[in-house]
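>
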Amino acid sequence: MTVTWTSGYNIDEAVPFVEWGLTGHSPKQSPAGTLTFTRGSMCGPPARTVGWRDPGFIHTSFLKELWPNTMYNYRIGHMLLNGTIIWSKIYSFKSSPYPGQNSLQRVIIFGDMGKAERDGSNEYACYQPGSLITTDQLISDLDNYDIVFHIGDMPYANGYLSQWDQFTAQVEPIASIKPYMVASGNHERSWPNSGGFYATKDSGGECGVPAETMYYVPAENRAKFWYSTDYGMFHFCIADSEHDWREGSEQYAWIEKCLASVDRNKQPWLIFSAHRVLGYSSNSWYAMEGSFEEPMGREHLQKLWQKYKVDIAFYGHVHNYERTCPIYQNQCVNTERDSYSGTVNGTIHVVVGGGGSHLSDFTEINTVWSLYKDHDWGFVKLTAFNHSSLLFEYKKSRDGLVYDSFTISRDYRDVLACVHDGCEPTTLAS
Ligand SMILES: [Fe+2]
1 MTVTWTSGYN IDEAVPFVEW GLTGHSPKQS PAGTLTFTRG SMCGPPARTV
51 GWRDPGFIHT SFLKELWPNT MYNYRIGHML LNGTIIWSKI YSFKSSPYPG
101 QNSLQRVIIF GDMGKAERDG SNEYACYQPG SLITTDQLIS DLDNYDIVFH
151 IGDMPYANGY LSQWDQFTAQ VEPIASIKPY MVASGNHERS WPNSGGFYAT
201 KDSGGECGVP AETMYYVPAE NRAKFWYSTD YGMFHFCIAD SEHDWREGSE
251 QYAWIEKCLA SVDRNKQPWL IFSAHRVLGY SSNSWYAMEG SFEEPMGREH
301 LQKLWQKYKV DIAFYGHVHN YERTCPIYQN QCVNTERDSY SGTVNGTIHV
351 VVGGGGSHLS DFTEINTVWS LYKDHDWGFV KLTAFNHSSL LFEYKKSRDG
401 LVYDSFTISR DYRDVLACVH DGCEPTTLAS
């Protein structure tokens, strides 16, 4: 488990650490690293000018050798030079299941949440009007899920750095007790002439630096925000749509490696995710481009989703909800809507970018692949009951009720079965 927090203490002022352990046992202490960033590391205005605010010091500690599925208590400490320790309050978390382990495992996924003021101030832009209802719905349901994926566009600080603190305070009731995993969005990373795939100014000059410093992800290089992570029977490949994903790119090779590295007997539920819609969306601007996706997305990636039999792919960026049929080469390969079973013959693509930002409109064109659309704020919950049974639910933020759902029932032999190009060639020798 990784614990990250912010303080005003540099390393020559206090020693940061986490004290943690099981109830009734003597606690351990784990050291924390300290990072910060400077105005000079911002790529442009307003982050480098009027939006700049010193971020303080960002501390990260790794709690290791955890017993699976076990409740731990922890608190953050800073030991001052005179030996006094400044303590946080005590928090608790449940450790992750061992990869492949069978237990009830529940995952929350959404994108584009942002932040908002509870007193209604800062309403000028009113850019993320659904942010608080999503946050509050997740806070009210903390006992009923295990891990959260916020797939990009986190605070929409857009170069006004104090807004990162507003955002981290808003999600703290969740992020202090659940793994809060993130992806990189255009509002974290995009800036002209800064090595990203897009040249827009959506990050307000941040060019990824605050996100890559404040949020730990298990990436080989946090400036290239792609990583894999496991949660019991789930294997997640989280791509970075702000960097080139096309065939031949460094990221494409990594995506293939991530998808290929999962043992589906132990981790049958293979999930792909990226911030921008690399799969399918009926959002109006994608429809006007005629692509119904981020151009060059599925053209390059669908052969990997198909070869490695990805169950579900999730995207944000578009601020609404949409679910497709299981798709192979742009065709629906299954007429079922509610319960899928048997071999994996296509990938279900889900846009779940209605975390809180202003809603995006759908095109009036009805495509054959779009099964459910909702112009509202919401999030997805995945429940793995065991290695053969998965429940997908889409819930609205305003009431927490389920508006779209389906199940997948499947055994290992169904994943192994050769469908389309999902198997290596066989020899005729015996
Ligand atoms: Fe976005």
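Throughout the sequence shown, residue numbering follows the UniProt record's numbering, covering 1 to 430 in sequence. Where is the CB? At the ideal position from N, CA and C, for every residue including glycine. Just so it is clear, the structure is predicted and the values come from calculations on it, not from any experiment.
Let me have the residue list for ligand 1: C-beta closer than 5 Å to any non-hydrogen atom, ordered along the chain.
ASP153, GLY185, ASN186, HIS317
> Considering only the alpha carbon of each residue, which of LEU371, SER26, TRP226 lies closest to SER405?
LEU371
> Keeping to the same chain, check which residues put their C-beta closer than 8 Å to that of LYS201; ignore five residues upstream and five downstream.
GLY44, SER190, TRP191, PRO192
> At 3 residues or longer, what runs of the beta strand (DSSP E) sit wholly inside the UniProt domain "Purple acid phosphatase C-terminal" (346-405)?
347-352, 370-374, 378-386, 389-396
> Between HIS358 and PRO129, is the Cβ-Cβ spacing less than 8 Å?
yes
> In this structure, how does DSSP classify HIS150 when only helix, strand and coil are distinguished?
strand
> In angstroms with no decimal places, state the Cα-to-Cα distance between ASP338 and THR407.
6 Å
> Can you list, in chain order, the residues of its chain with a C-beta nearer than 8 Å to that of LYS89? Leave out the 5 residues immediately preceding and following it.
ARG75
> What residues match up with CYS237 in a beta bridge as DSSP calls it?
For CYS237, which the question treats as bridged, DSSP gives the partners SER228, PHE272.
> Just to confirm, are TYR216 and THR2 a CB contact at a threshold of 8 Å?
yes
> So, are the CB atoms of LYS395 and LYS373 less than 8 Å apart?
no
> Within the segment 134-205, note down every full alpha helix (DSSP H) run reaching 4 residues or more, in order along the chain.
162-175, 186-189
> Of all the options ARG276, THR426, THR70, which has the alpha carbon lying nearest to the alpha carbon of ILE177?
THR70
> Quick check for students: name the residue ranges of the beta strand (DSSP E) that lie wholly in the segment 83-128, counting only runs of 3 or more.
Whole beta strand (DSSP E) segments, 3+ residues: 85-87, 91-94, 105-110.
> Taking all protein chains shown into account, decide if GLN137 is buried (16 or more other Cβ within 10 angstroms of its Cβ) or exposed.
Buried, because 16 or more other Cβ atoms sit within 10 Å of the Cβ of GLN137.
> Just to confirm, are residue 503 and SER360 a CB contact at a threshold of 8 Å?
This structure leaves residue 503 out entirely; the chain is present only between 1 and 430.
> With distances taken Cα to Cα, identify the nearest neighbour of GLY205 among HIS187, ASP143, ASP240.
HIS187
> Have a look at SER203, PRO210, GLY346, ASP240 and flag the residue whose alpha-carbon is nearest the alpha-carbon of GLU220.
For GLU220, the closest of SER203, PRO210, GLY346, ASP240 by C-alpha to C-alpha distance is ASP240.
> What residues are listed by DSSP as bridge partners for THR2?
PHE62
> Note down the Cα distance separating VAL352 from TYR227, rounded to an integer number of angstroms.
20 Å
> In three-state DSSP terms, what is TRP52?
Coil at TRP52, not helix or strand.
> Can you tell me whether ASP421 sits near ligand 3, meaning its C-beta is under 7 Å from at least one heavy atom of the ligand?
Questions concerning ligand 3 fall outside what the structure shown contains, since the ligands it does hold are ligand 1.
> According to DSSP, which residues form a beta bridge with ARG413?
Paired residue(s): none; ARG413 is not in a bridge.
> What separation, rounded to the nearest whole angstrom, lies between the Cα atoms of PHE167 and ILE86?
When rounded, the distance between both Cα atoms is 24 Å.
> Flag this pair as touching only if the segment 4-20 and the segment 50-70 have three or more C-beta atom pairs under 8 Å; answer yes or no.
yes
> Helix, strand or coil: which one does DSSP assign to GLY40?
helix
> MET79 bridges to which residues according to DSSP?
VAL15, ILE85
> Taking the alpha helix (DSSP H) that LEU304 belongs to, which residues open and close that run?
298-307
> Do you know offhand how far ARG118's Cα is from TRP377's?
18 Å
> To the nearest angstrom, report how far apart SER273 and CYS237 are at their CA atoms.
The straight-line gap from Cα to Cα measures roughly 6 Å.
> Quick one: any contact between the segment 262-282 and the segment 307-324, if contact means 3 or more CB pairs under 8 Å?
yes
> Within a Cβ cutoff of 6 Å, which residues of the same chain sit near CYS258, ignoring the five residues on either side of it in sequence?
SER228, CYS237
> Leaving out the 5 sequence neighbours to the left and right, which residues in its chain are closer than 7 Å to GLU293 when beta-carbon positions are compared?
VAL277, LEU278, GLY279, TYR280, SER281, TYR286
> Tell whether a beta-carbon distance below 8 Å holds between ASP146 and ARG106.
yes
> Can you tell me which of GLY354, HIS235, LEU301 puts its alpha carbon nearest to the alpha carbon of residue 442?
With the chain covering only 1 through 430, there is no way to say anything about residue 442.
> Rounded C-beta distance between GLN29 and PRO68? I'm assuming under 8 Å.
Contact doesn't hold; Cβ gap of about 22 Å is too wide.
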